[in-house]
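Sequential numbering of the sequence shown, starting at 36, is according to my numbering. No residue lacks a Cβ here, since even glycine has one placed at the ideal position from N, Cα and C.
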Amino acid sequence: MKQTILALMLVVLMAVAGCTGNNAGEIFETAEFEELQKNHTHAAQLYQELLEKYPDSKYAGKARERLKKLEKSQH
């Protein structure tokens with residue numbers, strides 16, 4: 036019985052840990068998709084979100100470049 040409860044608790048804990056939200060890679064990929072779909076405003080918002088939440092991620096430099104390019108194209 037104890038092992039069953041422990042196993043169930045482990046499964047629940049793993050499920051909760053897997054639902055931590057968007058990571059830098061997911062945000063970057065979504066922003067790229069939005070850019071391809073010509074949703075430039077939303078893409079820029081996503082790049083900005085990535086930079087705020089994950090400023091040290093491997094995607095930050097690329098996001099900064101894409102955001103600058105989008106800002107230039109809108110002016």
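Helix, strand or coil at residue i [DSSP, three-state]
i           : result
residue 83  : helix
residue 75  : helix
residue 108 : helix
residue 93  : coil
8 Å contact criterion, which residue i and residue j should meet: CB distance rounded
i          : j           : result
residue 59 : residue 81  : Going by Cβ atoms, the distance from residue 59 to residue 81 rounds to 11 Å, so no, they are not a contact pair.
residue 78 : residue 66  : 5 Å
residue 63 : residue 107 : So it is not a contact: roughly 19 Å between Cβ atoms.
Exposed unless 16 or more other CB atoms sit within 10 angstroms - verdict on residue i
i           : result
residue 68  : exposed
residue 102 : buried
residue 47  : Per-residue confidence for residue 47 stands at a pLDDT of 47, beneath the threshold of 50, marking its modelled position as unreliable; the derived number appears in the next sentence. With fewer than 16 other Cβ atoms within 10 Å, it is exposed.
residue 110 : exposed
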